[in-house]
Structure formats: structure tokens, C-alpha cells
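In order, the protein sequences belong to chains X and F.
Counting from 4, one number per residue, gives the positions in the first sequence under the working numbering.
Counting from 2, one number per residue, gives the positions in the second sequence under the working numbering.
Cβ coordinates follow ideal geometry from the N, Cα and C atoms, glycine included.
These notes are about the structure you will find just below.
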Amino acid sequence: MLFDLFPLSMLPEALLGFGVLATVLTGAFSKKRQVVWWQALLVVCIGLIALWTVDTSWGVSAHWIYDKTAQLLKTGAALSVFFVLIYSQSWIESDPYLYHESTVLMLASLLGAWVLISAQHILTMFVGFELMSLPLYALVAIRARAQDQASGEGVEAAIKYFITGGLASACLLFGLSLLFGATGEMAYQPMLQALANLPASQFHGAVVGVILVVVSVAFKFGLVPFHMWVPDVYEGAPLPVTLLIATLPKIALVGLCLRLFGGVFMPLVQVWQPILIALGVLSMLLGNGVALLQTNIRRLIGYSSIAHMGVLILAFVLANQQGWQVAVFYVLIYMLTTALLFGSLLQLRVAGARCDAIKDLSGLSRVYGGLAWLLLLALFSLAGVPPIVGFIAKFSLLKALVASHHVWLAVITVLMACVGCFYYIKVVKVMYFDAPEEGVLINCTPVASQWCLRVHGVALIVIGVMPALLLSWI
Amino acid sequence: MTEIPMLSLLIWLPLLTALAVVACGERVQIAQRLALGCAVISLLLCWPLVQQFDMSSAVFQWTELLSWLPSWGAQYALGVDGITLPLVVLTVVVHGIIVLTTPHLVKKQVAQYLAAFLALQGLTIGVFCALDTLLFYFFWEGMLIPMYLCIGIWGGEGRNYASVKFFLYTFFGSALLLIAIVYLGMQANSFAWQAQVVQALPLSVQKWLFVGFFLAFAIKVPMWPVHTWLPDAHTEAPAAGSVVLAALMLKVGAYGFFRFCLPILPDASRFFATPMIILSLIAVVYIGLVALAQKDMKRLIAYSSVAHMGFVTLGCFGIYLISAQANVMYSQLAMEGALMQMVAHAFGSGAMFLAFGLLYERYHTRQIDQFGGIAKVMPIFTACFMVFALTNVGLPGTAGFVGEFSVILSVFQANGHLAALAGLTLVLGASYTLWMFKRVFYGPVDNKQVATLVDVSGLEQAALFILVALIFMLGLYPEVVLKPAHPAVAHLVQQALASKVI
């Protein structure tokens, strides 16, 4: 009976949950900050090992599934938290008061993401959704009273994120309740059956429910016109938290969208397909357009993420196997690239430089050549220039779009990518062509970060040249 | 011997050397020795590449095939034929000369400079040798990053604007190329070039694909009216950057027309032949007139580049006009003229850019009216520059004549008026080149700074003499370039004139 409700495939989540609690205890009783950091890393590693030990056939239940896609997405989510922990080692350890709250919240958010990816029941999904989001709201504000950041910004960003996120959750709940009212089912598979055989009287209820769920997903992705929080949160949150927000929820949401747009909502495809197309195109237009005007690098990356999520959502428009594979591939590549980008900025921060305005990066290639090179790789990967991996992601999406005869969507995507190119090379220009500003940078990057960055940078090129390495997993 | 992956060596050796050179950091001597070693080895590799090439065959030789992305239908396929062989050797020679002259032209961040050019060498050879459209696209786009950094870090004052304009223009062209490649790959179920050549396509599809390909290649060539990135990029780039741009980047665009538009989209090429010929003639005549008006020496040479490339596209698409009126032999002559022009132009404009770079190192100005009387203070330099100017003009005996004459002769068979327009290049080319030469080199030494200039010596002299020798060799015996090309060109013309409509 217990294993009906909690199949063995929930073992990684259970271990992660215990790990979160253990980290709380350690943080409460330990005096050394490094211990907490190592423990968090250990918890993530244990979770990953459990993830790959659990066989995909170890049982599904009415509210839980564990297939290859879930395994891959959860690995991606764990990797994103792993990157955050590794690159923000100095940041976590430098706060004398809240070092273990940060790590606990990050791990809790990961747990929420994992639950969201595997959920097969709308309540389980909602639990995962909230568990993923609430720690993120707190993390945005967590350093708001520290000296190295203007207090106003962090609090403002946190409130914006919290309120818009709360609105998203409310929309989600309302939509789910409408769907429950229309179908009478809560688990995904029965709901799919019910939606396929929907009586006419329930149609409008179900449609409104679906639309509200789409709205909440769009909120969380940061798609136009629900994108208002993105630039402010990216700018106001501490760098490691921005990295987490840029990577973790996106992966988890792709998992959610796969279950919804690739499963439950398929009978109502005519309802959500045009909406997704509109969301995607508007996001690409606005994200790329406004990013051209930015002078703050974090806001720039925020708007670029709006554009990239617009591209990503187009993969779900295709509503076929190829589209879903592309979506998973794209979000994983996006996570890798963004992690490298923010990881490099974090090391710059650790070395003592500011990295808020784009001008702060002037002449970086002459002062700190390795970091400038990594930033160049990450930026050109976002722009989609071969041989870096971002091109492969863009190419696989274009292939899928053209194969499904959405050629005009493909043309719009590449044209918007051209527009996007401008602000990426603007940053490269500032790094490489401009003269460096005054000031000495002290290179006190932790060794773990240095090596991780190097491997990360190499991986971006290697996977770009031989994408079969990653494609064979999908 | 043919088991040695010669082409992979030629591509990856410079790329790996680029990594090693970057790792050198501030140790400039080691970096230069590494780069020189790579240049010498590449040149030595060209010898068996050419020796063992079967000059009577039109098939691809030195082929390599590795599985790359089987789920997508893309392979790591390389090969050279008679058209590509001269271009590969040209790339190796030009980059060798660049490595020779680097110590005189660049003083800051030399290791990174050398690395950028080594990377460009490998990537350019990759573009020429790729027999898989996705692989071609990888190399094609990959060239953007090193070129962008090259213009932006070591360029002139306007380098920010020029480098961004270059990058965005080229990227925009490649965007639609990507869609066209994806669509073609989907139609043919494979990205392999051979598969796409034999794939039959309806005319409407071919036309759209042609537009996609055309934009990318026309921007690179460059054709009027999408040529406006070139004057800025050429003038602001460092000397070696201008040389690589003029000698190789432009050829990559023309090569794209040869290798992709003509064989894969023959009906669309035929349909669009007349507009392409008109655009080429506009480039030859109008841009020639624009070059005449320039006050900036580098800009003048840049515009003359565009005018010369007009001949390449004229020869390429003129075959459709010629084949209707004359023997197929003249179509082949037109295409061979285009190929010869590609190689010769590298030594015309490319050499002029290099020579100008050496002059600029001594006297930092590009304005023609600030020169005057250089011949009196730098006689050897003037003599070499004279040869470069003459090949730019198209004097018989120099490399520049062969291509232009072949194209004009072939076009004349089809339409005398068009040939007359094309022949105007002989007048216009002579006007702007010789007038510039007179203003810069002859006349009294009015400017005090000019009087203090030192003539070229040592490696600079060697580089210039090599170029002069090559110009005369190609001008007097063009069979060196054209011998391997005859069968390949005949085959290409045959493919281009055939119809592929379903």
C-alpha cells in the first residue's frame, strides 16, 4: 500500500528531502561555513547517484512517473544547483549569518523541481510548483541587508517576484480547479481520457482552465506579456540566485510542459497552440528588441532569457515527439550556457570587480583573459554561432520547425536571433576592444570553481562540435 | 599515400596550433615560431596534395568520410576537386605570407593575433573542403568570430563600427542560409552534398532556396547592393585582416555560388541568371566609378575588390546566357575565367592591402593627398606595388588579365553590349589604380614625413617578391591553376545547365 502511493522511484526525492533536513541541522549546530557547503554538494551528489541507480521501471503510481525524460530533466536540474553551489562557494561562505539558509533553500527548490517533473497528479504538481518557487522568493531577498549590495534593490526584486509569482500560483490553482470541475479527475492520465471525451457542457470550463494554466506557465517562464518581473529580478537578486532562477525553474517547467502540452492537454491542442505561438513570437520580438537598449548586463541577460524562452516555447507548438526532444535539448543547453555565463561573472565578483553595468567589463580580455574567453563562449553560444553548443540547440529547433512546415516561424526565429546577436557582440566588444578601467583585480577564485569553469568551457565547445554526446541521451 | 587524411590535417593543424599559440601568452618568440612552423608544414602538405591529384578527373579526391550526426543525416565529409584545389593552395600560401609579415605589422597581443589567423586558415580550408552542408555551415559561421576579433582588437579608429557591421551583415545573410540548408536537408533526407545534388526539386522550392543561399553568398562576395560592409571592414581591419578578407573571405562567397547554387539549384540559377548578371555588371561599372572618387587609399582598394569580384559572379552566372548562344566551350571558359579571377584577385587586391599595411606602419595615414613621391624614398616597394597595381588593372602578363579576358571573351559570344560593359573595367580599373599610383608614388616629395620613410627590407622584401613572382607566374602560365580545374569545371557546367525539376 505504501509503495502504491510512494513508489521506489521516489527514492532520490526522499534522499534529497532527508538531505535538506540534515543540512538544516548541520547549519544550526556547526560553526564552520565550509561544512555546510560541502554537505549541500554531497546531498546533490547523493541525489544524482540515486537518480541514476533507480531504474525507470521501478514503479509508477497514480500520481508519480519516472521515465527517461524525467531522469534527464532531473539530472539537468541537479546540475544547475550543482553549478550554483560550486560557483558561489565564496559568496555562500562570505555571509556570516545566512550561509546555511541559502544552501537549504537551494536544495529545497531542487526538491520542488524534482517533484514537479515527476508529478502525475495536479496536487502533486502544485506541491512541487510551490516548493520550487517559494524558496526562490526568499533567496532573492536573502542578502538584502548585506553591505555589498544596495538593500533597496534586493527587497524590491523580491517583492516583485513574490507578488507576480503568487499571482502565477493563483492562476495555476484556479485553472486546475476549473479543469477538475470540467473533468472530475485529478490525476493526469484519467484527466487526459476525460478531456478526450469531454461533453459540450464542460468544454468552456476546460478551455478557461487550460488557458489559465498556460498563463501561469508563461508567468514562470517569463514570456511576454507576463515578463515584467524578469529584468528586475535578474538585476536585483544576488548573482548566484540569478543563476538559479535562470536555470532551475526553466528546466522544471519544461518537464511540466512536457506532461501538459505533450500529454494531458493534447485533446485541446487547437486551444493552446495559437496561444503558444503568440507568446513565443512576442517574447522573441520584445526580448531581443528591448535588450538592445540595456546598459546593465544583468537586465540584458534577463531580456535575452525572455527571448530564449520564446524560442523554447515554440518547440511545444509542434506537439510531436521531435518537438519535445528539441525542448529538452534546448533547455539543457540553455542551462549549461547560462551557468557558464553567470559562473564567470561570479568569479569576477569574487575577484573584486563590479559586474553590473556592461561598461564594468571593459578590457576584461587584457586583465583577466581566461574569464573573458569563457564569457565570449557563453555569449556566442546564446547568440547561436557555431561551433559552440548554442548553435546546435537553435539548429535542432529550426529543423523541427521546418519539418513540421512551420517555415515562417523558423524564419522569424533566425531573424530575431540576428537582432539578438547585436547585444551579445556589444558585450564582447566591450570586453575585447575597449581599454580596461582602473583598478586591480585580485584573483582569489576557489580552485574548485576554476577547474569547473575550465571543464565547463571546454564542454561547451566539445558538445558543440560533437552534439551526439548529448543527443544520444535524449 | 592517399590514405593520409591530408585535408583533415590541413584543417585541424592550424586550429590546434592556434590553441597552442594562445597558450603562449606573452612569449611572442615561441608563438611566432609555432605559427611559422605550422605555415611551413601546411605548405609542405600542399605538395603531395597537388602531386597526387588526378588532373584528368572531375570527381572529388582526397575524400574523407566520418560519421558525425547520424540521427540528423550529417557527416564529416571532406573532399577537393579541381575547382577547390587551387583555392586550398591559395589559402595556405596567403596565410604563409601573413605569418612572414606579422613581426613587422603587429606589436601588441601578437600571440592572439597569430592564433586568430591560424584559426581562420583552418576554418577557410574547412569551408572549401566540406562536402556536407551542415559541416560547411559550421566552418562558414565559425569564420565570423576570429574575423570579428581581428578587426575589433587590432583595427583602426573606426573599428567598432566596422567590426559590428561586418558581423551583423554576415550573420544576417547566414540566417536565411541556415533555413535553406535545413529545408534542403529535410527534402533530401541527408545533409550530404552529393545527396542534395541529385535530389530533384520543384522550381518554386528552388527559387526560395536560391533566395536563401543568394543572400548569404551575395553578402560575402560582396555583390551590389549588399556590399556596404566591405569598405568599412577593409579600411578598419589591420593589414593582414584586410589581406585575408580580400584574398579569402570574398572567395568563400563566390565558392558558395559555385558549389551550392549552381549544382543543387540549377533551374533557379537559370531563372535568376539575368538579375545576377545585371548586379555583377553594376558592381563592375558603378563600383569602379565609386572607386575613382575615393580619397582614402584603403577604401579605394576595397571598392576595387568589389569591382573585381563582379567578374567572378558574371562568369559564374553568365554561363546561362552564353550556353543559349554559343558552344558549351565558352561556358566553360567563363567559369574558368571566374575561377582564375578568384585566384588572381587575391594577388591583386590582397597584395595591395599587404603592401599598404607595410606603408602604413611607417606613415600612419590613409589619405592619398598626404602621400606623394614615395617612389623616390622607397624604390623597391614602389616597384613591387607597381606590379600589384598592374595586375589590378589587368595588364596582359599579370595574373589579373587572364580571368577578366576569359570572362569578357565568353560573354561577348552571348551579347556584345554586355561584354562592352564588362570591358569597361579595363578602363575604369586603369583609371582609379593608376591615378592613385601616380598621386601616391610619383611627383615631388612634398611631405616632410614622406622624406623620412625607409624602404622595405628583409622579410618584408621576401614577402613582396614572392607575391610578384606568383603574379607573373599565374599571368604567364595560368595552366598552373586551370589544369586541375578543366574537368571539374566541365562537370560543374554540365550540372548547372541541366534541369532538376520534378
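Requested in this report: Please name the residue in X:450, X:392 and X:411 whose C-alpha comes closest to that of residue 465 of chain X.
Outcome: Your numbering for residue 465 of chain X matches position 462 in the first sequence. It is X:392.
Requested in this report: Return the residues of the stretch 396-410 of chain X that lie within a Cβ-Cβ distance of less than 9 Å from chain F, sorted by chain order.
Outcome: 397, 398, 399, 401, 402, 404, 405, 406 and 410
Query raised in the report: Touch check for the stretch 216-236 of chain X and the stretch 163-171 of chain X: three-plus C-beta pairs under 8 Å?
Result: yes
Report task. Can you check the stretch 204-287 of chain X for any alpha helix (DSSP H) of at least 4 residues that lies completely inside it and give the ranges in chain order? Result -> 206-224, 232-239 and 242-262
Requested in this report: Name the residue from X:33, X:223 and X:274 whose alpha carbon lies nearest to the alpha carbon of residue 250 of chain X.
Outcome: Taking the first sequence and counting its residues from 1, one reaches residue 250 of chain X at position 247. Answer by Cα proximity: X:223.
**Report entry** Cross-chain neighbours of residue 143 of chain F in chain X, by beta carbon under 8 Å
**Finding:** For this step, residue 143 of chain F is matched to residue 142 along the second sequence. What residue 143 of chain F touches in chain X: 388, 389 and 390.
Query raised in the report: In this structure, does DSSP put residue 365 of chain X in helix, strand or coil?
Result: Translated into positions along the first sequence, residue 365 of chain X becomes position 362. In this structure, residue 365 of chain X counts as coil in the three-state DSSP scheme.
Query raised in the report: What does residue 432 of chain X reach in chain F if we use C-beta pairs closer than 8 Å?
Result: The sequence position of residue 432 of chain X within the first sequence is 429, counting from 1. Within 8 Å Cβ-Cβ: 153, 161, 164 and 165.
**Report entry** Short-range partners of chain X found in the stretch 69-81 of chain F, where Cβ spacing is below 9 Å
**Finding:** 69, 70, 71, 72 and 73
Query raised in the report: Can you find a C-beta in chain X that's less than 8 Å from the C-beta of residue 212 of chain F?
Result: If you number the second sequence from 1, residue 212 of chain F lands on position 211. No, because no Cβ of chain X sits closer than 8 Å to the Cβ of residue 212 of chain F.
Query raised in the report: Going by other Cβ atoms of all chains shown within 10 Å of its Cβ, with 16 needed for buried, is residue 21 of chain X buried or exposed?
Result: Working through the first sequence from its first residue, we reach residue 21 of chain X at position 18. With fewer than 16 other Cβ atoms within 10 Å, it is exposed.
Report task. Select from the stretch 330-348 of chain F all residues with a C-beta closer than 7 Å to any C-beta belonging to chain B, and list them in chain order. Result -> Considering every chain present, this structure includes no chain B. Its protein chains are X and F.
Query raised in the report: So which residues of chain X does residue 176 of chain F contact, with C-beta pairs closer than 7 Å?
Result: Position 175 of the second sequence, counted from the start, is the residue given in the question as residue 176 of chain F. Ordered by position in chain X, the residues that pass the 7 Å Cβ test against residue 176 of chain F are 417, 418, 420 and 421.
Query - alpha helix (DSSP H) segment containing residue 446 of chain F, residue limits - result: Residue 446 of chain F sits at position 445 when you count from the first residue of the second sequence. Where residue 446 of chain F is concerned, there is no enclosing alpha helix (DSSP H), given that its DSSP letter is neither H nor E.
Query raised in the report: Excluding the five sequence neighbours on either side, which residues of its own chain have a C-beta within less than 6 Å of the C-beta of residue 469 of chain F, listed in chain order?
Result: The residue given as residue 469 of chain F occupies position 468 in the second sequence. 385 and 388.
Query raised in the report: Who does residue 67 of chain F pair with in a DSSP beta bridge?
Result: For the purposes of this step, residue 67 of chain F is taken as residue 66 along the second sequence, with counting starting at 1. In the DSSP output, where bridge partners are listed per residue, residue 67 of chain F has F:77.
Query raised in the report: Going by other Cβ atoms of all chains shown within 10 Å of its Cβ, with 16 needed for buried, is residue 420 of chain F buried or exposed?
Result: Stepping through the second sequence from its first residue, residue 420 of chain F is reached at position 419. Residue 420 of chain F should be labelled buried.
Query raised in the report: Anyone know if the C-beta pair for residue 412 of chain F and residue 423 of chain F falls short of 8 Å?
Result: Position 411 of the second sequence holds residue 412 of chain F. Position 422 of the second sequence holds residue 423 of chain F. Yes, Cβ-Cβ distance for residue 412 of chain F and residue 423 of chain F is below 8 Å.
Query raised in the report: Hey, out of F:183, F:81 and F:430, whose CA is closest to residue 66 of chain F's CA?
Result: For this step, residue 66 of chain F is matched to residue 65 along the second sequence. Residue F:81 is the option with its Cα nearest to residue 66 of chain F.
Query raised in the report: Taking only beta-carbon atoms, is residue 260 of chain X less than 8 Å away from chain F?
Result: Against the first sequence, residue 260 of chain X aligns to sequence position 257. Not one chain F Cβ lies under 8 Å of residue 260 of chain X.
Requested in this report: Measure from the alpha carbon of residue 74 of chain F to the alpha carbon of each residue in F:25, F:24 and F:183, then state which is nearest.
Outcome: The residue you call residue 74 of chain F lines up with position 73 of the second sequence. The residue with the shortest Cα to Cα distance from residue 74 of chain F is F:183.
Query - 8 Å Cβ cutoff, residue 414 of chain X in contact with chain F - result: Residue numbering aside, residue 414 of chain X sits at position 411 when the first sequence is read from its first letter. So yes, residue 414 of chain X belongs to the interface.
Requested in this report: Along the alpha helix (DSSP H) that carries residue 155 of chain F, what are the first and last residues, could you check?
Outcome: Here residue 155 of chain F refers to the residue found at position 154 of the second sequence. 145-155 is the extent of the alpha helix (DSSP H) around residue 155 of chain F.
**Report entry** Within chain F, partners of residue 435 of chain X - CB distance below 8 Å
**Finding:** As a first step, residue 435 of chain X is located in the first sequence; it is residue number 432 there, counting from the start. Within 8 Å Cβ-Cβ: 150, 153 and 154.
Query raised in the report: From residue 403 of chain F to residue 425 of chain F, what does the alpha carbon distance come to, in whole angstroms?
Result: As a working mapping, residue 403 of chain F is identified with position 402 in the second sequence. As a working mapping, residue 425 of chain F is identified with position 424 in the second sequence. Taking the straight line joining both Cα atoms gives about 16 Å.
Requested in this report: Measure from the alpha carbon of residue 23 of chain X to the alpha carbon of each residue in X:45, X:270, X:321 and X:305, then state which is nearest.
Outcome: Taking the first sequence and counting its residues from 1, one reaches residue 23 of chain X at position 20. Nearest C-alpha to residue 23 of chain X: X:45.
Query - Rounded straight-line distance, which links the Cα of residue 167 of chain F to that of residue 149 of chain F - result: The residue labelled residue 149 of chain F in the question sits at position 148 within the second sequence. The residue labelled residue 167 of chain F in the question sits at position 166 within the second sequence. Between residue 149 of chain F and residue 167 of chain F, the C-alpha separation is close to 8 Å.
**Report entry** Distance between residue 194 of chain X and residue 108 of chain X (C-alpha atoms, nearest Å)
**Finding:** Walking along the first sequence from the start, residue 108 of chain X turns up at place 105. Walking along the first sequence from the start, residue 194 of chain X turns up at place 191. Those two C-alpha atoms are separated by around 33 Å.
Query - When X:336, X:366, X:78 and X:236 are compared against residue 53 of chain X, the one with the closest alpha-carbon - result: Sequence index remark: in the first sequence, residue 53 of chain X carries index 50 (1-based). Closest option to residue 53 of chain X, Cα to Cα, is X:78.
Query raised in the report: Got a sec: is the Cβ-Cβ distance from residue 455 of chain X to anything in chain F below 8 Å?
Result: The count along the first sequence starts at 1 and reaches residue 455 of chain X at position 452. It does not: the Cβ of residue 455 of chain X has no partner Cβ on chain F nearer than 8 Å.
Query raised in the report: Contact check, residue 179 of chain X vs residue 346 of chain X under 8 Å by CB: the rounded distance?
Result: Here residue 179 of chain X corresponds to residue number 176 of the first sequence, with the count starting at 1. Here residue 346 of chain X corresponds to residue number 343 of the first sequence, with the count starting at 1. Not a contact, Cβ separation roughly 36 Å.
Query raised in the report: Going by Cα to Cα distance, which pick from X:390, X:253 and X:319 is closest to residue 282 of chain X?
Result: By 1-based counting over the first sequence, the position of residue 282 of chain X is 279. Measuring from the Cα of residue 282 of chain X, the nearest candidate turns out to be X:319.
Query raised in the report: Out of curiosity, what's the CA-to-CA distance linking residue 287 of chain X and residue 313 of chain X?
Result: If you number the first sequence from 1, residue 287 of chain X lands on position 284. If you number the first sequence from 1, residue 313 of chain X lands on position 310. Those two C-alpha atoms are separated by around 5 Å.
Query raised in the report: Do the CB positions of residue 496 of chain F and residue 223 of chain F come within less than 8 Å of each other?
Result: Along the second sequence, read from residue 1 onward, the residue named residue 496 of chain F stands at position 495. Along the second sequence, read from residue 1 onward, the residue named residue 223 of chain F stands at position 222. In this structure, residue 223 of chain F does not lie closer than 8 Å to residue 496 of chain F by Cβ.
Query raised in the report: So, using beta-carbon positions, are residue 460 of chain F and residue 104 of chain F closer together than 8 Å?
Result: Here residue 460 of chain F refers to the residue found at position 459 of the second sequence. Here residue 104 of chain F refers to the residue found at position 103 of the second sequence. Cβ atoms of residue 460 of chain F and residue 104 of chain F: closer than 8 Å.
Query raised in the report: Can you list the residues of chain F that residue 10 of chain X reaches, using a CB-CB cut of under 8 Å?
Result: Against the first sequence, residue 10 of chain X aligns to sequence position 7. Chain F residues near residue 10 of chain X: none, gap ~32 Å exceeds 8 Å.
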